[in-house]
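>
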Amino acid sequence: MIVGLDMGGTNVDAVIIKQRKIIKTAKHPIDQADLFASIWTTLEKLLADIDITAIRQINLSTTVSTNAIVEEKTSPVAMFIQSGPGVPHEFLAKGEKNFFLSGYIDHRGRVVKKMDPQEIKERLNQLKQENIQDFGIVTKFSTRNPEVERRIKDILTPHSFSSITMGHTLSGKLNFPRRVNTTYLNAAVSQTFHRFSTHMKKALDEMGLSNIPIHVLKADGGTMQISHAEKLPVETILSGPAASLMGIHTMFASEKDALLLDMGGTTTDIFFLLEGVPLFEPLGIQMGAFPTLIRSIYSQSIGLGGDSSIDIIDGDLIIGPERKGKPLAFGGPVPTPTDAMIVCGLYSEGDYDKAFAGIKSLGDTLGLSANKMATIIMEEMATTIQKKVNALLAEINSQPVYTVREVLENRQVKPEEIQIIGGPAKALTPLLASAFNIPCKYPEHYQVANAVGAALAKITTEVTLEADTTQKIVSIPELDIYEKISRNFSLADARERTLASLKELAVQLGATESEIEAEITEESSFPMVRGFSTSGENIRVKAQIKPGFIHKLEGIDHHVTSKE
Amino acid sequence: MLQAKNKLGLVLFPAFDWAISETHPERKERLLYTQDQIFEEGITDIEGIHLYNPAIAEEKDILRVHFPVPDVQTRVSQSHLVSIGGAITAGEKVMTGEVDKSFALVRPPGHHAFRVVYGDRGFCIVNVEAVMLENLRAQFGDLKVAIIDTDAHHGDGTEDIFWNDKDTLFISFHQDGRTIFPGTGFVEDFGGPSAIGYNVNIPLAPGTGEEGFLYVLDHVVMPILEDYQPDLIINSAGQDNHYTDPLTNMNFTAQGYAKLNERLNPDIAVLQGGYSIEGALPYVNLGIILAMAGLNYSQVIEPDYEAKKTRQTADVTEYTKEISELVLERWKDRDNIARKVRAEKDVIEKEQQIYYDTDGIMENQTQSFILCEKCSGINTIRSKNDTRVHIFAITIPRDACKACVDKGHRLYKGTSEIKYNKTYLQDRVNEYYISK
């Protein structure tokens, strides 16, 4: 049995999956003041009358770190930043204390100007007095040479601070400003997450579940074991949409290009699959005002949902983005799409008369019958979604590429089917199939999609290897590896080493060796020429474990509508 | 989050899978570190800076400008079509107003490619800027354009293409041709009979540094542009003037390039040469990008920069002042000079010997400019190379009057196809390009 748990906006949802089917669900409202208690109560409800010895794993998607950032309840952080020459760096001051250090590392990872340890040492006492316990250290090109970050960490370690985060360990990608942001956030949520994970482990202990692996969901739709999450708590942020995407994905298990939609009360989340694999953000997720390097699925939200308020302004039908309360049929103040669905006979709950009256009143403004008005409202929802999706696809399909081959290939995302969940899913399916001219699928009942997504998410991660055979150095920043290699280190050697490192990292995240499916995603080898001959090779390899689910979810009826 | 003052379009096309040869300066690695620097600096996240993918140029785009021997397919690879497509995309985005300015960091470069193309010359096969510009004119109508070539080598190909075009002012400042490839670019080369004065060469002394370059910009280029009032300023942005460049002897710096770009204020910049791929390109290009976006570039400094290393001598300063004065005087006197050159002539001939250093071909050509009172007149090229290929090309320019259009067509018809290996007609008025 696998337990999946998702912290949503209003409730915690939990699910037990056994032999590929949902056997029990539980739900409990969230107390924002005590997130841990909310999770714990839900878990207790879920596990009552269950043979807990059969539980193999608990996966959770938590908003603990995200909320701390949004509510500005994070710990104060001191940032040591070595940016050297280039773009002005003042805007990188994200911490409570920010120190811009001397020294510079160039694009080849060579230390061009040394760092001065005194600049750090002379500030430590003051920082201790101000009770700063969390530190972030970032230099430019640290993914190619982590030595300076490591040396700074060595200066800080003996002082037993709460956390020290080195930028290069967070991602192998180039983008110094994002690396600074991500490092800052990691340091800022470290204590918060530790408190949470300590509570979690203690409570599970008391319940007799101390031997069960606890995994936390990441924004890339994969999980990591809680001990790894304690080192990289920033990776637990914004996992909600990933849970949603995985939940839908496990139901239909498509291997094509697809459009996935999760329509809630207030918003609709939009995702894409590219040949059955979730589409990712190219660099990382955006957390509020912070662009980051946190590996993440691509997701966009529009203010359109089952409870969106409907209005007619100057003869124009406006749906959302606000939600002013429940639908009229449930005692709310204004008409909503749910009311329109009720009038169309597509939803049988709630007070029909209240819904009808509200929709009729809207229709009167435009000289339309209630039924016609309701139909138009549903059509407008489908049209709004279509316009937004097409705009997003245009953007996605014009992402920069850098080789002649890619320009000529021109691979575009072109959805061949739509998968939709949420209250209005059934009502919208025929309209979406018609608008996009592709089949649209929805499940009959699917209340705990996010929790299912969390439960069935596989381990996924990526590594970056960069080797310079002139300098005889290889760097694999995600594993904090920086070692000597021989002059003969080849692309084949690089591939082997990258895949081996990927497996190592996956095991650290909690995977068992047998379930690791690794693939190389990018590779290149540039002869470096100095004078008139080749002095060495500049080799770059990236590999990942494809994001995916443990198994398909069964036992839920689903429906397919094609365009008539 | 940084916000650009000018909306800047970037086409970053390092063509990682293409090279002239593995060890040639124009090799796969060339823009690798530049791309690394641009990504690490977070340029792609700056609000107002937008990256575009290159379009793919078409045969017609090439034929508007060049006479490729024997044809486009043989001479021009996919990579070149993408490189030119990158410049075209950059140009289009500015013309449609989608961005305020754009910078095409594309390879391979093009300013050594003449109108006749037998092969690769100075790492160039087709002239990226010229093909881009003529494509923009075909799409968006007549434009009065100034091309400022800041590459350390004289832009001889661009000079040749716009030699007789008054609507394209070509200004090139470069290391003196007596000391470096291609050996041309002198003050006396002042333009064809219908465009006298509109080809401006400023040969500079080896060892010229920031002071000299900016002096020339402020005292020659900007005043000329003030007179000319172009619709568009294009910067052929060669970066081999840098003090670390392995092929040249100049002393320019990343800060200098950024300042130059800020003052010149071009609408479009297209990468040219520059082969100090680790020590210069990442920093120079970063400086140019920040300058064009209207952002603070004052902290863009090469790791090994030392002010005293890049200072020019007093002699160089003196020479720079003299040459600047001379060039500006000639510009002011151009109409006079034009009258003297054209005086009662019907045809003016120009002979050139062009050496294709990369491919080892020697070409001899005679261009004939047939004067016309009403327009810039048709011109022809008779060209022979040392592999015994002999061609004849006729150009009907954009502004040709009806009589000259007819003249051009009659001349083409009247030329027997057995006389030459290939005869070409380039009719810019009707966008009609054929050969036999």
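Top line first, the protein sequences correspond to chains G and V.
Number 351 in my numbering belongs to position 351 of the first sequence; there are no gaps in the numbering.
Number 230 in my numbering belongs to position 230 of the second sequence; there are no gaps in the numbering.
Beta carbons are placed, not taken as given, at the ideal position from N, Cα and C, and that holds for glycine.
It should be emphasised that the depicted structure is a prediction, and the values quoted were computed from it without experimental measurement.
Could you tell me whether the Cβ atoms of Arg75(V) and Ile125(V) are closer together than 8 Å?
A contact, by the Cβ cut-off of 8 Å.
> Is DSSP giving Ser162(G) helix, strand or coil here?
In the structure shown, Ser162(G) sits in coil (DSSP, three-state: anything other than H, G, I, E or B).
> Here's a check: name, in chain order, each residue in its chain whose Cβ is nearer than 8 Å to the Cβ of Arg311(V), leaving out the five neighbours to either side.
So the list reads Gly209, Glu211 and Asn251, once near-sequence residues are dropped.
> Using the DSSP secondary-structure output, state which residues sit across from Asn211(G) in a beta bridge.
DSSP, once it has assigned bridges, lists no residue as partnering Asn211(G).
> Can you check whether the C-beta of Gln78(V) is within less than 8 Å of a C-beta belonging to chain G?
Yes, because at least one Cβ of chain G sits closer than 8 Å to the Cβ of Gln78(V).
> Measuring CB atoms only, is the segment 236-243 of chain G touching the segment 56-69 of chain G, in the sense that at least three cross pairs come out at less than 8 Å?
At 8 Å Cβ cutoff, the stretches touch.
> The beta strand (DSSP E) with Met79(G) in it runs from where to where?
Val77 to Gln82 is the span of the beta strand (DSSP E), which, as asked, contains Met79(G).
> Cutting at 8 Å between CB atoms, please list the residues of its own chain near Arg64(V), excluding the five before and the five after it.
Excluding sequence neighbours, Arg64(V) sits near Val131, Glu134, Asn135, Ala138, Gln426, Arg428, Glu431 and Tyr433.
> I need the boundaries of the alpha helix (DSSP H) containing Val82(V), first residue and last residue.
Element bounds for Val82(V): Gln78 to Met95.
> Where does Met1(G) fall in DSSP's three states?
In this structure, Met1(G) counts as coil in the three-state DSSP scheme.
> Identify the continuous beta strand (DSSP E) that holds Arg382(V) and give its terminal residues.
Start and end: Asn379 to Asn385.
> Figure out for me which residue from Met381(G), Leu232(G) and Val216(G) has the closest Cα to the Cα of Glu185(G).
A small fix is needed here, since residue 185(G) is Leu in this sequence, not Glu. Checked all of Met381(G), Leu232(G) and Val216(G); the closest Cα to Leu185(G) is Leu232(G).
> For chain G, find out if any of its Cβ atoms is closer than 8 Å to the Cβ of Phe103(V); answer yes or no.
Closer than 8 Å: no.
> When we look at the beta-carbon of Asp156(V) and count the other beta-carbons within 10 Å, is it buried (16 or more) or exposed?
Counting Cβ neighbours within 10 Å, Asp156(V) comes out buried, since at least 16 surround it.
> Smallest Cα separation from Met207(G): which of Gln300(G), Ile2(G), Leu43(G) and Arg123(G)?
Taking only the C-alpha atoms, the option nearest Met207(G) is Leu43(G).
> On the DSSP letters alone, give me the boundaries of the beta strand (DSSP E) that Ala68(G) sits inside.
Here Ala68(G) belongs to no beta strand (DSSP E); instead the alpha helix (DSSP H) covers Val64 to Val70.
> Could you give the C-beta distance for Phe114(V) and Ile354(V), rounded to a whole number, given that I count them as a contact under 8 Å?
Indeed they touch by this definition, with Cβ atoms about 6 Å apart.
> Since Glu513(G) is in the beta strand (DSSP E), which residue starts that stretch and which ends it?
Here Glu513(G) belongs to no beta strand (DSSP E), and DSSP marks it neither H nor E.
> Between Ser416(V) and Cys372(V), what straight-line distance do the alpha-carbon atoms span, to the nearest angstrom?
Between Ser416(V) and Cys372(V), the C-alpha separation is close to 25 Å.
> Using a Cβ-Cβ cut-off of 7 Å (strictly less than) and excluding sequence neighbours within five positions of Gly287(V), which residues of its own chain qualify?
Only Ala254, Gln255, Tyr257, Ala258, Tyr297 and Val300 meet the Cβ criterion.
> If distances are taken between C-alpha atoms only, which option among Gln82(G), Tyr347(G), Phe193(G) and Ile476(G) comes closest to Ile120(G)?
Nearest option by C-alpha distance: Gln82(G).
> Verify whether the separation of the beta carbon atoms of Ile268(V) and Ser102(V) is less than 8 Å.
Yes, the Cβ-Cβ distance between Ile268(V) and Ser102(V) is below 8 Å.
> Thr403(G) touches chain V at which residues, Cβ-Cβ below 8 Å?
Residues of chain V passing the Cβ test: Ala15, Phe16 and Asp17.
> Helix, strand or coil for Ile20(V)? Go by DSSP, reduced to three states.
Three-state result, Ile20(V): coil.
> Can you confirm whether the segment 452-463 of chain G touches the segment 121-138 of chain G when touching is taken to mean that 3 or more C-beta pairs between the two stretches lie within less than 8 Å?
Judged by Cβ distances under 8 Å, the segment 121-138 of chain G makes no contact with the segment 452-463 of chain G, as fewer than three pairs qualify.
> Please confirm whether Thr23(V) has its beta-carbon closer than 8 Å to some beta-carbon of chain G.
So yes, Thr23(V) belongs to the interface.
> Against chain V, with Cβ distances strictly below 8 Å, would Thr292(G) count as a contact?
No, Thr292(G) does not count as interfacial toward chain V.
> Can you tell me the Cα-Cα spacing of Ile302(G) and Asn211(G), whole angstroms?
Roughly 42 Å separates the two Cα atoms.
> Would you mind sorting Pro397(V) into buried or exposed? The rule is 16 or more other CB atoms within 10 Å of its CB.
Buried, because 16 or more other Cβ atoms sit within 10 Å of the Cβ of Pro397(V).
> Considering only the beta carbon of each residue, do Leu290(V) and Ala104(V) sit closer than 8 Å?
Not closer than 8 Å, so no.
> Hey, would you say Val116(V) sits closer than 8 Å to Ala293(V), going by beta carbons?
It is not a contact, given that the beta carbons lie outside the stated cut-off.
> For Thr365(G), count the other beta carbons within 10 Å of its own beta carbon; 16 or more makes it buried, fewer makes it exposed. Which is it?
Per the 10 Å Cβ criterion, exposed.
> Residues in the segment 168-197 of chain G with C-beta within 7 Å of chain V's C-beta atoms, listed in sequence order?
Per Cβ criterion, the list reads Leu174, Asn175, Phe176, Pro177 and Arg178.
> Quick check on Lys323(G): does DSSP put it in helix, strand or coil?
The sequence given here places Arg at residue 323(G); Lys does not occur at that position. Three-state DSSP puts Arg323(G) in coil, outside helix and strand.
> So with CB distances below 7 Å, who are the chain V contacts of Met528(G)?
Those are Glu29, listed as they occur along chain V.
> Could you check if Asn181(G) is buried or exposed, using at least 16 other CB atoms within 10 Å of its CB as the buried criterion?
Buried, by the Cβ-count rule.
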